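Numbers in our numbering are just positions in the sequence shown, counted from 1, shifted up by 586. Please read the structure below before turning to the comments.
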Amino acid sequence: MSFERSKETDTMSEAMREPQMNELDENGQPLETAPLEQDVPLDGALPENMLLQTVERERDEWKDKAFRTAAEAENVKRRAQQEVTDARQYAVTKFAQDVLGVGDNLARALAAPEGNEKALRDGILMVATQLQSMLGRHGIAQVVVKKGDALNPELHQAMSQIPSSDVPENHILQELQAGFTINGRLLRPSLVVVATKDEATQ
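Here it is in structure tokens:
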């Protein structure tokens, strides 16, 4: 009994594995059946090899973008360094050109004929005027100092002290050397003589 049941089971399995020959088209030919898509999982996920290829492709794209970004950053850095170097080397170009012009006029003044003091003096005055104008174009201004001004450590440097009866203590008696600022910032202080109390008048 069991042998007959097993035989029936085998017969049914073979029938399921064999093509369905009884399904014919209008010409009497067996119908073609679509192959089972066994390679595509039912949940829609990509096969492992396709997933790996996708990940590798995305990795390569990001690596390429990273290399390009790094190269561009290096180029920007190099250009900025070159601009800083050029600015440092050639920042005084205009100032140097103006100084050369002053030097030319000074040379002309010194070339005045001997004995002609007026021509020499006029030439030097012209150079002084040109120099003052040139300094002004570059933001350089002379510190204004007058006798009796209070000593300002931010603008003045006291070189000596002299007793005075007409100038208050710690006030300026005399300017020894002019001071200058550049765009409002001290370039060099004025060198001055400062008054002290005159003990003889007390």
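Every residue, glycine too, gets a C-beta built ideally from N, C-alpha and C. Model, not experiment: these values are computed from the prediction.
| Asked | Found |
| --- | --- |
| Below 8 Å on the Cβ atoms is my contact criterion, and I expect V713 with K733 to pass it. Report the Cβ-Cβ distance as a whole number of Å. | Not confirmed; about 27 Å, so no contact. |
| Report yes if the C-beta distance between D735 and I758 is below 7 Å; otherwise report no. | yes |
| Could you tell me the distance, in whole angstroms, from the CA atom of R665 to the CA atom of T671? | 10 Å |
| DSSP three-state call for V729: helix, strand or coil? | coil |
| Taking G722 as the reference, give the member of A656, F766 and G701 with the closest Cα. | F766 |
| Closest to V780 by C-alpha separation, out of S751, G770, S746 and N769, would be which residue? | S746 |
| Jot down the residue ranges of each uninterrupted alpha helix (DSSP H) in the segment 634-688, minimum 4 residues, whole runs only, in chain order. | 634-676 |
| Just curious, the beta strand (DSSP E) that V779 is in, first and last residue? | S776 to K783 |
| Which residue wins for smallest C-alpha separation from Q760, given the options H742, A656, L772 and A695? | H742 |
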